[in-house]
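The structure appears right after this line, and notes come after that.
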Amino acid sequence: MTTFRMPPTTRAALRLLLRTAPAAALLLAGTACSSGTPDTAPAASPSAASERQQPPSASPSGRSTSMNIRVTLDGRPVDAVLNDSPAARDLAELLPLTLDLEDFHDTERVADLPRKLNTGGAPEPAAAKAGDIAYYAPWGNLALFYQDGPAPSPDLLVLGHLDVSADQLGQATRITIEAAS
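When you line the sequence shown up against this note's numbering, it's residues 26 to 206, in that order.
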């Protein structure tokens, strides 16, 4: 059986379209439903705001962390953690992994995983920040952001964080991820 593989430029354009189309539709729907008057809804109570705050054990990106992993980028070790989301736990079950990375949209390095991850029970969408390890569910890709990512999307799940410079991450061609002993 012959496997068809899209050229990277076609995949990149399709990913961009898939990421931006839902946001554009939501923006248009919100604009169409707007009455043109200022929002008069009461402000959220302080207790509601505190319920949304991140727990104290958070990474530099503000995301809860729970699982240390060993990561090497092009043979050089970097500190990394995974959060406690179902998708991050599912990624941990695939370890050890060695993946070839390619650039996507001058923002992230991406690699195909051996299988799609469990995205059930995913946390609220969050915009990826530089250093974040994320999973793009529609394509089953692992994404390592070396620049801040797009607006929050339910298709992009932040799995953890790498403590590495943007330059090193942006040039990486190979990643190895292992469970910490």
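Note that CB positions come from ideal geometry on N, CA and C, so glycine has one too.
Buried versus exposed, by CB contacts within 10 Å (16 or more), residue i
i	result
residue 184	buried
residue 156	buried
residue 101	exposed
residue 186	buried
residue 205	exposed
residue 167	buried
residue 112	buried
residue 146	exposed
Cβ-Cβ distance between residue i and residue j below 7 Å
i	j	result
residue 110	residue 139	no
residue 134	residue 169	yes
residue 121	residue 203	yes
Identity of the residues DSSP links to residue i by a beta bridge
i	result
residue 136	167
residue 105	94, 187
residue 199	125
Q | 4-residue-minimum alpha helix (DSSP H) runs that sit fully inside the region 151-186, ordered along the chain | A | Runs found: none.
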